[in-house]
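Report on the following structure.
Protein chains: 2
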Amino acid sequence: MSGRLAVIGLGPGDDRYLTREASDALAAADALYGYGPYLDRVPVRPGQTRLASDNREEGARAEAALRHAAQGAAVAIVSGGDPGVFAMAASVCEAIETGPDSWRAVDIVIVPGITAMLAVAARAGAPLGHDFCAISLSDNLKPWELIERRLEAASSAGFVIALYNPVSRARPWQLAKAFGLLARHLPKRTPVIFGRAVGRQDESVTVTPLAAAQDIPADMATLIIVGSRDIRLIARPGRSALVYTPRAVEKVSA
Amino acid sequence: MSGRLAVIGLGPGDDRYLTREASDALAAADALYGYGPYLDRVPVRPGQTRLASDNREEGARAEAALRHAAQGAAVAIVSGGDPGVFAMAASVCEAIETGPDSWRAVDIVIVPGITAMLAVAARAGAPLGHDFCAISLSDNLKPWELIERRLEAASSAGFVIALYNPVSRARPWQLAKAFGLLARHLPKRTPVIFGRAVGRQDESVTVTPLAAAQDIPADMATLIIVGSRDIRLIARPGRSALVYTPRAVEKVSA
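Chains as they are written, first to last, in numbering that gives the first Met the number 0: chain A, 0 to 253; chain B, 0 to 253.
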């Protein structure tokens with residue numbers, strides 16, 4: 000009597016980033032769980048129920064969806080971006096690990112989506128064209144000292160760095176501190192890309208040198224990409240500059 | 000008289016991973032450039048020309064497409080996975096930087112796609128659920144010592160590591176050396192995920208402890224994810240294990 004739980008990535012922004020697999024998985028579900036604004040992006044289908052919850056209730060949402068699926072239903076959780084990157088797929092796994100045995104019998108299907116760093120990178124050129132990393136700046140669930148250690152390790156080894164969850168009301172100072180720390184390992188002119196609401200009508204993309212990055216506003220809808228020593232900027236008359244990381248590295252630069 | 004060049008990510012495998020934006024961009028092109036097997040995945044449209052080239056001719060392909068677009072045409076380059084991750088978008092930027100001024104007037108549009116690590120992670124659970132990095136193991140264009148330094152920095156700072164381009168005929172020993180180096184920083188039981196041809200009919204996903212990873216065959220169609228100290232494995236009766244990285248980190252573990 001075990002059912003199915005699909006964890007579906009919608010991509011960032013509107014439905015331009017939706018894959019065929021995600022569309023099919025949304026259509027096949029009896030019930031959709033998710034954060035309200037994500038559910039609002041899914042076309043309504045008669046007979047399909049919707050259970051919206053707050054963005055901070057990831058654990059409770061995962062448990063409710065698993066309980067529902069374990070009764071035999073075809074359930075889906077919708078996630079912005081990719082569900083596997085700082086999102087609902089890990090919450091579902093956590094709930095399965097600590098939950099009743101019956102949840103281990105549920106058919107779990109993760110449907111990947113375009114994660115924010117890929118969409119922001121595409122707008123700017125190819126900043127993720129060579130080795131890169133993704134770090135969540137949220138210290139809600141890990142110590143700030145670990146975030147600092149990862150920023151230092153990544154910047155000094157020459158990784159381009161995508162910063163997820165850069166700022167929230169409860170975490171006002173962490174981003175400026177991160178930029179300060181990165182400035183000890185990277186040139187002041189290193190390009191930093193701020194992509195906000197990419198794929199939505201109010202999308203904005205800003206490129207600024209690291210030395211001025213702390214003056215650019217950011218929020219939870221912002222994804223930030225900090226370049227490495229190898230990153231390059233191509234000026235184009237009448238067009239925005241292209242930012243990219245070359246495939247070739249001549250020497251160990253950092 | 001400047002035209003348009005779209006660099007389009009098809010995602011891995013068949014068209015289940017294609018986004019609506021990518022479908023629209025493919026349909027709008029007068030001419031498609033790309034590696035033959037990628038072009039073969041795009042439905043034929045009368046009046047649209049196709050120019051296939053070898054996988055190693057990325058620079059020449061970018062230049063040919065830019066030359067064509069600069070004459071006013073709507074040109075597209077197709078790329079497997081995401082064009083911004085170790086793929087054609089960086090080659091196009093390189094060609095623009097070194098090419099004639101007229102190429103800077105071409106309208107460049109990068110269309111993101113599902114990159115291999117997201118598709119492989121989705122099959123295994125949520126191994127990229129927290130901080131992670133992506134490293135190309137190819138030392139064709141960068142020194143091997145830099146790759147070693149990045150592997151050490153990433154594993155000792157607790158990043159999950161996605162390895163692109165793990166093995167080729169010309170690079171037979173690098174992957175075993177990388178596993179040996181990682182084993183100095185990570186427990187022997189650390190899960191390693193091998194995803195081969197994900198999204199294709201001959202897809203296979205294997206999870207093995209790091210101590211046995213060197214015995215698993217890999218090739219250029221394989222994407223490998225090496226866990227961190229925090230990664231967890233959930234056994235499920237009658238189903239494959241789920242591998243995931245928890246959102247919470249209690250302490251600085253490495």
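All C-beta atoms in this analysis are idealised placements derived from N, C-alpha and C, irrespective of residue type, glycine included. None of these values were measured; they are calculated from a predicted model.
What residue range does the beta strand (DSSP E) around residue i cover?
i, result
"Arg49 (chain A)", "48-52"
"Phe131 (chain B)", "131-135"
"Asp106 (chain A)", "106-110"
"Leu241 (chain B)", "238-243"
"Ser203 (chain B)", "203-208"
"Glu9 (chain A)", "The question names Glu, yet the displayed sequence has Leu at residue 9 (chain A). Note, Leu9 (chain A): premise wrong, no beta strand (DSSP E); not H, not E."
"Val225 (chain A)", "221-225"
"Ala234 (chain B)", "231-235"
Within the same chain, show all residues whose beta-carbon is closer than 7 Å to that of residue i, passing over the 5 residues directly before and after it, in chain order.
i, result
"Arg103 (chain B)", "Ile95"
"His67 (chain A)", "Ala30, Val74"
"Leu241 (chain A)", "Gly124, Ile233, Arg235"
"Glu57 (chain A)", "Met87, Ser90"
"Asp14 (chain A)", "Arg40"
"Arg122 (chain B)", "Gly194, Val197, Val204"
"Gly83 (chain B)", "Ile109, Pro111"
"Ala27 (chain B)", "Ala73"
"Leu38 (chain B)", "Leu31, Arg49, Ala51, Val77"
"Ala64 (chain A)", "Leu4, Tyr32, Val74, Ile76"
How far does the alpha helix (DSSP H) with residue i in it extend, from its first residue to its last?
i, result
"Thr189 (chain B)", "Looking at the DSSP string, Thr189 (chain B) is not in any alpha helix (DSSP H), and its letter there is neither H nor E."
"Thr97 (chain B)", "87-97"
By Cβ distance below 6 Å, which residues in the same chain neighbour residue i in space, the five residues on each side in sequence not counted?
i, result
"Ser135 (chain A)", "Phe85, Tyr163, Asn164"
"Ala253 (chain B)", "Because Ala253 (chain B) carries a pLDDT of 44, less than 50, the predicted location of this residue cannot be relied on, and no value is offered for it."
"Ala210 (chain B)", "Lys187"
"Ser78 (chain B)", "Gly8, Ala86, Met87"
"Gln200 (chain A)", "none"
"Met219 (chain B)", "Ser167"
"Glu20 (chain A)", "Val110"
"Asn130 (chain B)", "Inspection of the sequence shows that residue 130 (chain B) is occupied by Asp rather than by Asn. Only Phe158 meet the Cβ criterion."
Would you mind giving the Cβ-Cβ distance between residue i and residue j, rounded to the nearest angstrom? I have them listed as a contact below 8 Å.
i, j, result
"Ile192 (chain B)", "Val204 (chain B)", "7 Å"
"Asp111 (chain A)", "Asp81 (chain A)", "Sequence check: residue 111 (chain A) is Pro here, not Asp. Pro111 (chain A) to Asp81 (chain A), Cβ: 5 Å. Contact."
"Arg3 (chain B)", "Asp106 (chain B)", "4 Å"
"Ala59 (chain A)", "Ser52 (chain A)", "7 Å"
"Gly128 (chain A)", "Pro245 (chain A)", "7 Å"
"Leu194 (chain A)", "Ala88 (chain B)", "The question names Leu, yet the displayed sequence has Gly at residue 194 (chain A). At roughly 15 Å, the Cβ-Cβ gap does not stay under 8 Å, so Gly194 (chain A) and Ala88 (chain B) are not in contact."
"Leu50 (chain B)", "Tyr32 (chain B)", "5 Å"
"Gln213 (chain A)", "Ala175 (chain A)", "5 Å"
"Val166 (chain B)", "Ala115 (chain B)", "Actually they do not touch by this definition, with Cβ atoms about 14 Å apart."
"Tyr243 (chain A)", "Cys132 (chain B)", "About 18 Å; that fails the 8 Å criterion."
"Pro208 (chain B)", "Thr189 (chain B)", "7 Å"
"Ala120 (chain A)", "Leu140 (chain B)", "No, Ala120 (chain A) and Leu140 (chain B) are not in contact; Cβ-Cβ is about 19 Å, not under 8 Å."
Can you list, in chain order, the residues of its chain with a C-beta nearer than 8 Å to that of residue i? Leave out the 5 residues immediately preceding and following it.
i, result
"Leu150 (chain A)", "Ile134, Ile160, Ala177, Leu180, Leu181"
"Tyr16 (chain B)", "Leu9, Gly10, Gly112, Ile113, Ala118, Gly198"
"Asp138 (chain B)", "Ile146, Arg170, Gln173"
"Ala24 (chain A)", "Ala5, Ile7, Ala75, Val108, Val110"
"Leu54 (chain B)", "Reading off the sequence, residue 54 (chain B) comes out as Asn, not Leu. Correct list, in chain order: Tyr34."
"Thr48 (chain A)", "Asp29, Ala30, Leu31"
"Gly12 (chain B)", "Ala118, Ala196, Val197, Gly198, Arg199, Glu202"
"His184 (chain B)", "Glu151, Ser154, Ser155, Ala253"
"Ile230 (chain B)", "Pro126, Val159, Thr189, Pro190, Val242, Tyr243, Thr244"
"Ser1 (chain B)", "Ala68, Ala69, Gly71, Ser101, Ala104, Val105, Asp106"
Checking contacts by CB at 8 Å: is residue i closer than that to chain E?
i, result
"Ser52 (chain A)", "Protein chains in the displayed structure are A and B, and chain E is not among them."
For the ligand FMN, is there any heavy atom lying closer than 7 Å to the beta carbon of residue i?
i, result
"Gly33 (chain A)", "With respect to the ligand FMN, the structure shown offers nothing to examine, as it has no ligands at all."
Determine contact between the region 42-55 of chain B and the region 146-157 of chain B, defined as no fewer than three beta-carbon pairs at a distance below 8 Å. no
Can you give, in chain order, each stretch of the beta strand (DSSP E) that sits fully within the region 15-82 of chain A and has at least 3 residues? 30-34, 48-52, 73-78
Report yes or no: do three or more beta-carbon pairs, one from the region 212-226 of chain A and one from the region 63-78 of chain B, lie closer than 8 Å? Not touching, per the Cβ criterion.
Those runs of the alpha helix (DSSP H) which lie wholly inside the region 112-179 of chain A and span at least 4 residues: 115-123, 143-155
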